[in-house]
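Residue numbers (the numbering used here), protein chains in the order written: chain A, 1410 to 1548; chain B, 17 to 157. Below: one structure, written as C-alpha cells.
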Amino acid sequence: MRALFAFIAGSLFGTGLLISGMTNTQKVIGWLDVFGNWDPTLAFVMGGAILPMAAAWAYSRGRSPKLGGTFPTPPEPKVGRNLVIGSTLFGAGWGLAGLCPGPSIASLSFGGTGGMVFVAFMLAGMILTPRLKSQLALA
Amino acid sequence: MDASWINGLIGGVLIGCAGAIYLLVNGRIMGASGIIGGLVDGSARAMWKERGAFLLGLFALPALLAATVLPSQTNLTPNLIVVAIAGVLVGVGTRIANGCTSGHGVCGISRLSLRGIVATIFYILAGGLTVVLFRHILGVI
Chain A
1410 MRALFAFIAG SLFGTGLLIS GMTNTQKVIG WLDVFGNWDP TLAFVMGGAI
1460 LPMAAAWAYS RGRSPKLGGT FPTPPEPKVG RNLVIGSTLF GAGWGLAGLC
1510 PGPSIASLSF GGTGGMVFVA FMLAGMILTP RLKSQLALA
Chain B
17 MDASWINGLI GGVLIGCAGA IYLLVNGRIM GASGIIGGLV DGSARAMWKE
67 RGAFLLGLFA LPALLAATVL PSQTNLTPNL IVVAIAGVLV GVGTRIANGC
117 TSGHGVCGIS RLSLRGIVAT IFYILAGGLT VVLFRHILGV I
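The following block contains the structure:
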C-alpha cells in the first residue's frame, strides 16, 4: 500500500512538472534571468503547489498518516552553515542547467544524452556527499 | 503574455496534491533530492520500495504523456561539460542543504519553515547570479 500511494504521488508530481513546463530548462532559466526576458511561470507553479500543501499541513494537525506512523516533526528552526552552503551550490547548478532533482527524473525519457549526463553526475554528487561532508567538517 | 502561467498554475496544483498525498497517506515529506539521495547513498535502504515506487511514477507517467499527448523537450544546453558540472552541484548542494525545490520550496514554505524559506532564498539568489554571470557576462549558457 505504501508503495502504491508513493507511485501515485510520484506520477502526479511528474505530471505536474511536465504540464507546468518545469521540465523545460529554458522556462526555469527564464525565471532566474531577471535581466533578460523574464518568465514568471515558476512563481505560478510554486504558488499553485504551496496552496494544497499548506492545506495538507493544516489537516495533518492532531491526526496521523493514513498508513500509520507519525507525521514528520518540524526540524529545529536552525539555519546552519550546511543549509546556506548547500542551497548556494544547488542554486548555482540549477541556474547553469535549469534542472533540479524532480524534473531531471521526470524528463529522463525525452531529455536525450544531456538529461542522462545530468542525472548520472547528480547521482555521483549525491553518493559522494557524505564523504565530502566529513572531509569538509560539514557533518 | 502567453498562457503558460495557466499551465504553470495547473501543474503547480498537481505538484501540491502529490505532496499532500505523500504527506497525509504515507506520512512523508515529498522531497525529490531526499528520496533519490537516500536511495543512492544507502541511508534509506529500509524504505527502498516506497522510494523506488515514487521514482518509478515520477519517471514513467511523464514518459508516457510525453510520448503520446504532451510532446516535450528539455531544451538543455548542448554543452555536456556545463551539464556535468551542474549535475554535480545539484547533487552535492541538495544533499548538504538536505532539500531542493520540492522539499525546502514546496513542502517547507507551505508549513512556514524558516529553513525552507532561507534555503529557497539562497538557491534562487545563487541561481539568478549564475544566470547573470554565465549567460550575460560569459555567454556560456
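The beta-carbon is built from N, C-alpha and C at its ideal position, and this holds for glycine as well.
| message | Counting only Cβ pairs nearer than 7 angstroms, list the residues of chain B close to A:Trp1503. | response | Stepping through the first sequence from its first residue, residue 1503 of chain A is reached at position 94. Result: Val106, Tyr139, Gly143.
| query | Between B:Ala113 and the rest of its own chain, which residues show a CB-CB distance below 6 angstroms, the 5 nearest in sequence each way excluded? | reply | Start at 1 with the first residue of the second sequence, and residue 113 of chain B comes out as number 97. Same-chain partners within the cutoff: Ala135.
| Taking a cut of 7 angstroms between CB atoms, which residues from the segment 18-42 of chain B lie near chain A? | Of all residues in the segment 18-42 of chain B, Ser20, Trp21, Asn23, Gly24, Leu25, Ile26, Gly27, Gly28, Val29, Leu30, Ile31, Gly32, Cys33, Ala34, Gly35, Ala36, Ile37, Tyr38, Leu39, Leu40, Val41, Asn42 have a Cβ within less than 7 angstroms of some Cβ in chain A.
| task | Determine the contact status of B:Leu92 and A:Gly1456, defining contact as a CB-CB distance below 7 angstroms. | result | For the purposes of this step, residue 92 of chain B is identified with residue 76 of the second sequence, where counting begins at 1. For the purposes of this step, residue 1456 of chain A is identified with residue 47 of the first sequence, where counting begins at 1. The criterion of a C-beta distance shorter than 7 angstroms is not satisfied by B:Leu92 and A:Gly1456.
| message | Do A:Ala1515 and A:Leu1426 have their beta-carbon atoms positioned less than 7 angstroms apart in this structure? | response | For this step, residue 1426 of chain A is matched to residue 17 along the first sequence. For this step, residue 1515 of chain A is matched to residue 106 along the first sequence. Less than 7 angstroms divides the Cβ of A:Leu1426 from the Cβ of A:Ala1515.
| query | What is the DSSP secondary structure of A:Ser1518, counted as helix, strand or coil? | reply | To locate residue 1518 of chain A, count along the first sequence from 1; it is residue 109. Secondary structure of A:Ser1518 (DSSP, three-state): coil.
| Cβ of A:Ser1543 less than 7 angstroms from any chain B Cβ? | Mapped onto the first sequence, residue 1543 of chain A falls at position 134. It does not; no Cβ of chain B falls within 7 angstroms.
| field | Where B:His120 falls, given that 16 or more other Cβ within 10 Å makes a residue buried | value | If you number the second sequence from 1, residue 120 of chain B lands on position 104. Around the Cβ of B:His120, a 10 Å sphere holds 16 or more other Cβ atoms; the residue is buried.
| said: Below 7 angstroms on C-beta distance, what does B:Ala100 contact in chain A? | reply: On the second sequence, position 84 is the one that residue 100 of chain B refers to. Those within 7 angstroms of B:Ala100 in chain A are Val1526, Phe1530.
| message | Assuming contact is defined by CB atoms lying nearer than 7 angstroms, are B:Leu30 and A:Leu1421 in contact in what I supplied? | response | Against the second sequence, residue 30 of chain B aligns to sequence position 14. Against the first sequence, residue 1421 of chain A aligns to sequence position 12. Cβ distance < 7 angstroms, so B:Leu30 and A:Leu1421 count as in contact.
| said: Count Cβ pairs between the segment 40-54 of chain B and the segment 1476-1494 of chain A that sit closer than 8 angstroms; are there 3 or more? | reply: Under the Cβ criterion (8 angstroms, minimum of three pairs), the segment 40-54 of chain B counts as touching the segment 1476-1494 of chain A.
| query | When the distance is taken between beta carbons, is B:Ala34 closer than 7 angstroms to A:Ala1418? | reply | The residue given as residue 1418 of chain A occupies position 9 in the first sequence. The residue given as residue 34 of chain B occupies position 18 in the second sequence. Contact flag set, yes.
| For the candidate residues B:Gly144, B:Leu55, B:Ser129, whose alpha-carbon lies nearest to that of A:Gly1358? | The shown model of chain A, from 1410 to 1548, leaves out residue 1358 of chain A, and the question about it has no answer.
| Reference B:Leu105; option with closest CA among A:Pro1484, A:Thr1538, A:Arg1490 | Taking the second sequence and counting its residues from 1, one reaches residue 105 of chain B at position 89. When C-alpha distances from B:Leu105 are compared across A:Pro1484, A:Thr1538, A:Arg1490, the shortest belongs to A:Thr1538.
| Pairing CB atoms from the segment 1432-1451 of chain A with CB atoms from the segment 47-64 of chain B, are three or more of them under 8 angstroms? | Contact between the segment 1432-1451 of chain A and the segment 47-64 of chain B is absent: fewer than three C-beta pairs spanning the two stretches fall below 8 angstroms.
| If you check the beta carbons only, do B:Gly103 and A:Met1525 fall under 7 angstroms apart? | Here residue 103 of chain B is taken as the residue at index 87 of the second sequence, counted from 1. Here residue 1525 of chain A is taken as the residue at index 116 of the first sequence, counted from 1. No, these two residues do not count as a Cβ contact at 7 angstroms.
| Taking the Cβ atom as the reference point for each residue, do B:Asn23 and A:Ile1438 lie within a distance shorter than 7 angstroms? | Working through the second sequence from its first residue, we reach residue 23 of chain B at position 7. Working through the first sequence from its first residue, we reach residue 1438 of chain A at position 29. Taking the C-beta atoms as reference points, A:Ile1438 is found no nearer than 7 angstroms to B:Asn23.
| request: Tell me the start and end of each unbroken alpha helix (DSSP H) in the segment 1452-1483 of chain A that is at least 4 residues and wholly inside, in chain order. | output: Listed in chain order, there is nothing to give.
| A:Lys1436 (DSSP reduced to helix, strand or coil) | On the first sequence, position 27 is the one that residue 1436 of chain A refers to. The answer is helix: DSSP assigns A:Lys1436 an H, G or I state.
| query | Taking any Cβ of chain A, which residues in the segment 43-72 of chain B have a Cβ under 8 angstroms from it, in chain order? | reply | For the segment 43-72 of chain B, the set of residues with a beta-carbon nearer than 8 angstroms to any beta-carbon of chain A comprises Gly43, Arg44, Ile45, Met46, Ala48, Ser49, Ile52, Gly53, Val56, Asp57, Ser59, Lys65, Glu66, Arg67, Gly68, Ala69, Phe70, Leu71, Leu72, in chain order.
| query | Under 9 angstroms Cβ-Cβ, which residues of chain B neighbour A:Asn1433? | reply | Against the first sequence, residue 1433 of chain A aligns to sequence position 24. By Cβ distance, chain B contributes Ser88, Gln89, Thr90, Asn91.
| For B:Gln89, the three-state DSSP class (helix, strand or coil) | Along the second sequence, one-based indexing puts residue 89 of chain B at 73. The answer is coil: DSSP assigns B:Gln89 none of H, G, I, E or B.
| request: State yes or no: is the C-beta of A:Leu1520 within less than 7 angstroms of the C-beta of B:Thr110? | output: Taking the first residue of the first sequence as position 1, residue 1520 of chain A is located at position 111. Taking the first residue of the second sequence as position 1, residue 110 of chain B is located at position 94. In the sequence as presented, Leu is not what sits at residue 1520 of chain A; that position holds Gly. Taking 7 angstroms as the Cβ cut-off, A:Gly1520 and B:Thr110 do not qualify as a contacting pair.
| request: Please report the residue range of the alpha helix (DSSP H) in which A:Trp1447 lies. | output: As a first step, residue 1447 of chain A must be located in the first sequence, where it is residue number 38. From DSSP, A:Trp1447 is part of no alpha helix (DSSP H); its letter is neither H nor E.
| query | Where does B:Cys116 sit, in a helix, a strand or coil, going by DSSP? | reply | For this step, residue 116 of chain B is matched to residue 100 along the second sequence. The answer is coil: DSSP assigns B:Cys116 none of H, G, I, E or B.
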